[in-house]
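Going by the working numbering, the sequence shown opens with residue 323, and the numbers climb by one from there.
In this text, a Cβ means the ideal position worked out from N, Cα and C, and glycines have one as well.
A quick write-up on the structure given underneath.
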Amino acid sequence: MSAAEENQQPEKIHLPRTSESESLKKIRHTASHVMAMAVQKLFPKAQVTIGPWIDYGFYYDFDSPEPFTEKDLKAIKKEMVKIIRQKLPVVREEVSREEAERRIKAIQEPYKLEILEGLEEPITIYHLGDKWWDLCAGPHVENTADLNPDAFDLESVAGAYWRGDETKAQLQRIYGTAWETPEQLAEYKRRKEEALKRDHRKLGKELGLFIFADPVGPGLPLWTPKGTILRSLLEDFLKQEQLKRGYLPVVTPHIARIDLFKTSGHWQKYKEDMFPMMAEDDEARAHEQGFVLKPMNCPFHIQIYKSELRSYRELPMRLAEFGTVYRYEQSGELGGLTRVRGFTVDDSHLFVTPEQLDQEFLNVVDLILSVFKSLQLKNFRARLSFRDPNSDKYIGSDEAWEKSEGAIRRAAETLGLPHFEGIGEAAFYGPKLDFIFQDALDREWQLGTVQVDYNLPERFELEYVAEDGSRQRPVMIHRAPFGSLERLIGILIEEYAGDFPFWLAPIQVRLLPVGAEQLPFTKVVVAQMQAIGIRAEADTSNERLGKLIRNAEKDKIPVMAVVGAKEVAANALSIRTRASGELGAIPVPEVLERLKIANDSHGNF
323 MSAAEENQQP EKIHLPRTSE SESLKKIRHT ASHVMAMAVQ KLFPKAQVTI GPWIDYGFYY
383 DFDSPEPFTE KDLKAIKKEM VKIIRQKLPV VREEVSREEA ERRIKAIQEP YKLEILEGLE
443 EPITIYHLGD KWWDLCAGPH VENTADLNPD AFDLESVAGA YWRGDETKAQ LQRIYGTAWE
503 TPEQLAEYKR RKEEALKRDH RKLGKELGLF IFADPVGPGL PLWTPKGTIL RSLLEDFLKQ
563 EQLKRGYLPV VTPHIARIDL FKTSGHWQKY KEDMFPMMAE DDEARAHEQG FVLKPMNCPF
623 HIQIYKSELR SYRELPMRLA EFGTVYRYEQ SGELGGLTRV RGFTVDDSHL FVTPEQLDQE
683 FLNVVDLILS VFKSLQLKNF RARLSFRDPN SDKYIGSDEA WEKSEGAIRR AAETLGLPHF
743 EGIGEAAFYG PKLDFIFQDA LDREWQLGTV QVDYNLPERF ELEYVAEDGS RQRPVMIHRA
803 PFGSLERLIG ILIEEYAGDF PFWLAPIQVR LLPVGAEQLP FTKVVVAQMQ AIGIRAEADT
863 SNERLGKLIR NAEKDKIPVM AVVGAKEVAA NALSIRTRAS GELGAIPVPE VLERLKIAND
923 SHGNF
């Protein structure tokens, strides 16, 4: 084999989302029907509810008297293969509402009756041969033979509530995945295995960064000393960057009167995602006179701006806060650090004149890009998150939305950012430029965001005195380079697989003394490192050197320094790094200098 052939990398297998592939949409939708048919054949008492496609697969919810087991999944998969090989035609049929109701009642499927109530005509039914059918809008493949029996799998069973309502029946959800080729399925499984190794919930526990405690409640992380160091490093880094760029730090409360959020529109548009109102008595509750935990920081920053009449000379005003907000996420939607109920946003609100808007927006994007560079996040693109003109969830005039969206589009084009439009992804008060990051497993996450807002300044009647003495309305820019500390840290743990860059590692250096006689020297060197801002510690466990090294590797310490008799005599350290391996003996003064340079420059040792 030639050197060129040896170095040639296998072609990367692309795994498209369902929304990106009409073919996969049909395959996965049909696979969900085949699965439901198999379940009802094996478990005749099981009733079906809904079975949509999702990003990389499909699911179906069942009301079954018996819980499904792993053994059941294997039997269901085996039955699905039989159905596929029967080569059943998938036939679409239009029926009247009355006819659909008659057929549903005949097979005694009450959930389908409820689904039927919410459907608009024409009512469509899809049949798998003459053996099984369900209400469905499609699309589907033409024949079950179009599904590759070697390119699908059933993954797991989870609990779900009917209509996502905790007061309604608890169902069982079977998740599956389906692909065009066995190679795609194999790559999908490989990435899933890798994702399990990188899972921030697993690594966060192993590295001692955070915990969840049942007495505290789901979706409310508790940060350990190491995790708090990591949070503080990220906060301090961004605070320093912001101070350089003219941001003014502020601090605001965690609760406020409901009236504040009525003015902003959050109470009307966002109430279901807010924690319930706190009221003094029933009368106050009836009149909606009480306090709520804040879901956003912007109304508070607006009050600081509004506390005195501003001049055009004071603008742009950039108020910044690491503000903790609270959102009442459903328990089934919570997921480690990436979906929580209490989280800290690196929030800032800029109050600018219309003439300053474009340049300030570009400056904000420049800040976000510099943050991503320091975090070694490279694979991202921008989403222009605009409103859906057919939706009623937005506030403000068409003119305000057109101006806001125009500013975002101009910024993306001026900077030459790779971007795409996401219609319907805007906040209810304004469009956004969202940064969508693709991680090592090709999963996409939203991180930084910038929003242009003409609406809240109007609702809160914000003003400034213009150069000609007239009262004018400022424009607001909402921005958060991290998005939230919790989600960012969860994503970073998985992206780095727990191997944090040197400057971010909670413990940067661990000294490994070979014996007790080396401890005094070791402690002196640790103190020297700490004096220049390096987070160093000594392993005083008295284990054998091999065990000390293995423990440091397990804890993913970036720099290990072995201290033996030779090192003490030479005032040196035998350095081993996770980035570069064995570096040999290096004099202590040189080690200190290189550590400081690496830390200050956000580089490696």
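Kindly list the residues whose CB is nearer than 6 Å to the CB of residue i, restricted to its own chain and excluding five residues on each side of it in sequence; keep chain order.
i, result
"E766", "I758, Q760"
"T503", "A473"
"S345", "none"
"D669", "N619, E643, G645, A802"
"L769", "F757, F759, G805"
"K422", "Checking the sequence shown, residue 422 turns out to be Ala, not Lys. For A422, where only same-chain residues beyond five positions count, the Cβ hits under 6 Å are L438, I445."
"T844", "L833, P835, A860, V885"
"L739", "A704"
"G820", "L525, L529, K878"
"I871", "none"
"A907", "A894, S896"
Starting from residue i, trace the alpha helix (DSSP H) both ways and give me its first and last residue.
i, result
"L914", "910-923"
"F683", "679-696"
"T585", "580-586"
"V573", "It is not in any alpha helix (DSSP H) - V573 carries neither H nor E in the DSSP assignment."
"Q362", "344-364"
"F622", "620-628"
"F559", "547-566"
"D604", "604-608"
"R414", "Not the alpha helix (DSSP H): R414 falls in the beta strand (DSSP E), residues 412-417."
"S896", "Taken as a continuous stretch (DSSP letters only), S896 belongs to no alpha helix (DSSP H), being part of the beta strand (DSSP E) at 894-899."
"Q506", "504-520"
"S670", "That residue, S670, is in no alpha helix (DSSP H); its beta strand (DSSP E) goes 664-674."
"V871", "Note on residue identity: the sequence assigns Ile, not Val, to residue 871. Taken as a continuous stretch (DSSP letters only), the alpha helix (DSSP H) holding I871 covers 867-876."
Tell me which same chain residues have a C-beta within less than 7 Å of the C-beta of residue i, skipping the five on either side of it?
i, result
"R579", "F613"
"R916", "F927"
"F583", "W589, V614, P621"
"T899", "P880, V881, L905, F927"
"P796", "L637, F673, V674, T675, P779, L784, Y786"
"P909", "N893, A894"
"K628", "F782, L784"
"R414", "T446, Y448, G460"
"H576", "L615, K616, T646"
Could you confirm whether any beta carbon from chain B is found closer than 7 Å to the beta carbon of residue i?
i, result
"S670", "Within the model displayed, chain B is absent; a lone protein chain is all it includes."
Which first and last residues belong to the beta strand (DSSP E) in which residue i is found?
i, result
"K754", "754-760"
"A397", "Where A397 is concerned, there is no enclosing beta strand (DSSP E), although the alpha helix (DSSP H) it sits in stretches over 392-407."
"F474", "474-483"
"R705", "702-708"
"G379", "379-385"
"G744", "741-745"
"E445", "Glu is not the amino acid found at residue 445; the sequence shown has Ile there. Element bounds for I445: 445-450."
"L641", "639-648"
"G498", "492-500"
"L769", "766-775"
Drop a sphere of 10 angstroms on the beta-carbon of residue i, count the other beta-carbons inside from all chains shown, and report buried for 16 or more, exposed for fewer.
i, result
"G837", "exposed"
"V913", "buried"
"V538", "exposed"
"E889", "buried"
"F822", "buried"
"R280", "Any question about residue 280 goes unanswered here, given that the chain covers just 323 to 927."
"S707", "buried"
"I919", "exposed"
"I429", "exposed"
"L544", "exposed"
"G791", "exposed"
"H336", "exposed"
"M357", "buried"
"S896", "buried"
"V847", "buried"
"L631", "exposed"
"E327", "Note that E327 has pLDDT 44, beneath the 50 cutoff, so the model's placement of it is unreliable and no number is given."
"R339", "exposed"
"M600", "exposed"
Can you list, in chain order, the residues of its chain whose CB lies under 8 Å from that of residue i, leaving out five sequence neighbours each side?
i, result
"T546", "G530, L531, F532, I533"
"A874", "R832, L834, D861, M882"
Exercise. Is it a yes or a no for the segment 798-806 touching the segment 769-782, going by three-plus beta-carbon pairs under 8 Å?
Worked result: Yes: the two stretches touch, three or more of their Cβ pairs being nearer than 8 Å.
For this session: Note down, one range per segment and in chain order, each beta strand (DSSP E) of at least 3 residues found wholly within the segment 810-853.
Result: 831-835
Exercise. Counting Cβ pairs closer than 8 Å, one from the segment 450-462 and one from the segment 355-375, do we hit at least three?
Worked result: yes
Problem set entry | Cβ pair count under 8 Å reaching 3, the segment 350-369 against the segment 386-406 | Proximity of the segment 350-369 to the segment 386-406 meets the contact definition, three or more beta-carbon pairs being nearer than 8 Å.
Exercise. For the 8 Å Cβ check, are there 3 or more pairs between the segment 849-860 and the segment 812-830?
Worked result: yes
Exercise. If you pair each beta-carbon of the segment 388-403 with each one of the segment 475-483, do three or more pairs fall below 8 Å?
Worked result: yes
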